[in-house]
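Peer 1:
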Amino acid sequence: MTDFRLRRLRVFAKGALSGLLLAFAFPPLNLFPLAFVGLVPVLWTLDDLAVHGRGRPLREWSGRAFGLGFSCAFAYFLALIWWIVMLDAPALTIPWVRYPGVVALVGYLALYFGFFGVAYAWIRARTAVHPVVVAPALWVVADVARGYWELGFPWGHLGYSQAHFLPALQMASVTGVHGMTAWLVICNALLLRALRPGHGNRVLSGVALVGIVAVPIFLGWQRIQEPIDAPTIRVALVQPNIGNKEKWAADRRAEHFESMADLSRQGVAQGAELVVWPETAAPTYLLRDQKWRPWILDFAGELGRPLFIGFPDIERLGPNEVKYANSGALFVPPGAVAGKMDKIKLVPFGERLPFDQVFPILKKVDFGEADFTPGDAPVVLDVNGTTFGALICFEAIYPKFCRQHEAGGIDLFVTITNDSWFGAGSGARQHADMAVTRCVETGLGMARAANSGISLGADAYGRTFGETGLFTREVSVVDVPLRQGRTFYARTGDWAVTISVLASLALLVSAWIRRKG
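Heads up: take any position in the sequence shown, counting from 1, add 3, and you land on the numbering used here.
(1) Is Q225 helix, strand or coil by DSSP?
(2) Among A68, P351, L415 and D345, which one has its Cα closest to the Cα of P381?
(3) If I measure Cβ to Cβ from L193 and keep anything under 7 angstroms in the same chain, skipping five residues before and after, which residues do I get?
(4) Can you tell me whether S262 is helix, strand or coil according to DSSP?
(5) Taking contact to mean at least 3 C-beta pairs separated by less than 8 angstroms, is the segment 456-473 in contact with the segment 142-157?
(6) Buried or exposed, going by whether 16 or more other CB atoms sit within 10 Å of the CB of M174?
(7) Suppose you measure from the CA of E372 to the CA of Q293; what does that come to, to the nearest Å?
(8) For A450 versus V238, is the C-beta distance shorter than 8 angstroms?
(9) Counting along the chain, where does the alpha helix (DSSP H) carrying L394 start and finish?
(10) Within the present structure, is the beta-carbon of H160 separated from the nearest heavy atom of the ligand NAD by less than 7 angstroms?
(11) Helix, strand or coil: which one does DSSP assign to F468?
(12) Taking N329 as the reference, give the member of P315, P337 and P322 with the closest Cα.
(13) So is P200 buried or exposed if we call it buried at 16+ other beta carbons inside 10 Å?
(14) Is it right to say W224 is buried, meaning 16 or more other beta carbons lie within 10 angstroms of its own, or is it exposed?
(15) For P44, which residues in the same chain have their Cβ closer than 6 angstroms to its Cβ, ignoring the five residues on either side in sequence?
(16) Just the C-alpha distance for A399 and D254, rounded to the nearest angstrom, thanks.
(17) Can you tell me whether M174 is helix, strand or coil according to DSSP?
(18) Please give the ranges of any alpha helix (DSSP H) in the segment 283-331, keeping only runs that are unbroken, at least 4 residues long and fully inside the region.
(19) Short check: CB of T235 to CB of L485, under 8 angstroms?
(20) Which same chain residues end up closer than 7 angstroms to G338 when comparing Cβ atoms and leaving out the 5 residues on each side of it in sequence?
(21) Let me know if F416 comes out buried or exposed under the rule of 16 or more other beta-carbons within 10 Å of its beta-carbon.
(22) Look at the alpha carbon of G448 and the alpha carbon of D385, and state the distance between them as a whole number of angstroms.
(23) Please work out which residues of its chain come closer than 8 angstroms, Cβ to Cβ, to V188, disregarding the five sequence neighbours upstream and downstream, and give them in chain order.
(24) For L508, count the other beta carbons within 10 Å of its own beta carbon; 16 or more makes it buried, fewer makes it exposed. Which is it?
(25) Taking only the alpha-carbon atoms, compute the straight-line gap between G246 and D422 and give it to the nearest angstrom.
(26) What distance in whole Å lies between the Cβ atoms of F35 and S164, which are believed to be in contact at a cut-off of 8 angstroms?
(27) Where do the N-terminal and C-terminal ends of the alpha helix (DSSP H) with F73 fall, by residue?
(28) Whole angstroms are fine: how far does the CA of L24 sit from the CA of L37?
(29) Is there contact here, the segment 305-312 with the segment 270-279, by at least three beta-carbon pairs under 8 angstroms?
(30) Would Y31 be called buried (16 or more neighbouring beta carbons within 10 Å of its own) or exposed?
(31) Tell me which residue opens and which closes the beta strand (DSSP E) that A435 is part of.
(32) Leaving out five residues on either side along the sequence, give the residues of the same chain with a beta carbon under 7 angstroms from the beta carbon of V132.
(33) Buried or exposed: which applies to Y111, given that a residue is buried once 16 or more other Cβ atoms fall within 10 Å of its Cβ?
(34) From F397, F391, I419 and G428, pick the residue whose C-alpha is nearest to that of G412; which is it?
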């Protein structure tokens, strides 16, 4: 290996080091302090590259800047979502596609941060703007952009690393998770300047770092000392732990329904006011099924409690047109359907094939994904005067979407999911953490029922209770606090993203003008 290639490899290794440090801040390790320091190696190296690039055409060194950002994000996402390879093989038409699939997904997500690397180094080479401004603005833009479009996958924003550090997590009530991400990047940029000789006042950077870390954490600690003085609703979360293959076996359907009915009765015996079954708990087109729809209606009457159930749905729109949906419905005693919702945010390649509306030929491609049609708008469901917004699986990781639910005046979130696809890896824990962050952002409690775990209740501070284990059959009865007020984030939205976009545009224009000059 030539000296040039060895030097290039060492540079990219620094990017990968940053990515791994950031990933270790998440489950399963949960080393959350690493999120405050993990970006330093890649930012340091990008700054070196910017110094080297001053006065030189961008094309001569942009490849290294791109590689730095890309290697950082590739290592980060690979360490974060490796569990995708544990997806149930029976769920896939081509089981081995998991392995190249996860590499392709990680590579796609890393592209956004490759462009972050180029933009950061170019702006730092052409302007004197402090990295504490450049880094968070560009990082947030890249991080938000990867969650949009047909291929959007907003999993693992850096702010989620603080989900188990409640004082820090309270910042989400003001800034949302993207603002938390910006805060962590600012901390990394200040640490970089405090450590690096010859780049401004290191003492001043150190003092600023202490302040910007300590003040939000102290305010968050004060916030969680205040009791939540709100009425509660007692919810029974049914966790049947039925395997994905067994669930759809028609000859075992009665057994599965009876198993969930038994857990429901246990929940009602403990005073539950609402019973929740997880995503696709009823493995049939429930509202159209001439056997099981009457059975469920009778069972709701027997319970004497409202029953929210997840199921697949089908609607015939014409002689040759059928609409499929991932749905949930509220069944109420003595035996009626009080409301239905269809999942709006569908999982790319899991519940829909991206761009199949643009290129109809893609509908003939089968990787084992469902062919669901998204719902139209959030639905508010009512349980004896208490209203809730239902989220199905992936929907709970979209901050803006959940804020739209909150704006409807709901009292709490009810989330249903089937995370058994994730296997025993860290995916289920990461998914639960992201869902709980929505509680802090919106000031709403949550009741979360998962087929195989993690089922839980959560309050507006992100405190969880009644957590179940993974791959256990049980019912968890939780008292979920109802709406107490609106958070600043709920009222104002993603203002941190708006500032980041405007700042990024201003920085890029400034660098362009300096280049022309």
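All C-beta atoms, glycine included, are put in the ideal place defined by N, C-alpha and C.
Peer 2: A quick look at the data gives this:
(1) helix
(2) D345
(3) Result list for L193: V135, S208, A211, L212 and I215, in chain order.
(4) helix
(5) At 8 angstroms Cβ cutoff, the stretches do not touch.
(6) buried
(7) Any answer about E372 is weak, because its pLDDT of 48 lies below 50 and its placement is not dependable; what the coordinates show is given next. Rounded to whole angstroms, the gap between the alpha carbons of E372 and Q293 is 27 angstroms.
(8) yes
(9) Per DSSP, L394 belongs to no alpha helix (DSSP H); it is in the beta strand (DSSP E), T389 to I395.
(10) Looking for the ligand NAD in the displayed structure turns up nothing, as the structure carries no ligands at all.
(11) In the three-state reduction of the DSSP assignment, F468 falls in the strand class.
(12) P315
(13) exposed
(14) exposed
(15) Cβ contact annotation for P44 (same chain, cutoff 6 angstroms, sequence separation greater than five): K17, L20 and S21, in chain order.
(16) Near 33 angstroms, if we compare the C-alpha coordinates of D254 and A399.
(17) M174: coil per DSSP, three-state reduction.
(18) 295-306
(19) yes
(20) L300, D301, A303 and G304
(21) Result: buried.
(22) 16 angstroms
(23) L42, A138, P139, W142, V143 and L161
(24) exposed
(25) Cα to Cα, the separation comes out at about 11 angstroms.
(26) 5 angstroms
(27) S65 to L83
(28) 6 angstroms
(29) yes
(30) Here residue 31 is Pro; the residue named in the question, Tyr, does not match the sequence. Burial call: exposed.
(31) From DSSP, A435 is part of no beta strand (DSSP E) but of the alpha helix (DSSP H) over G430 to T445.
(32) For V132, where only same-chain residues beyond five positions count, the Cβ hits under 7 angstroms are I126 and L510.
(33) exposed
(34) F391
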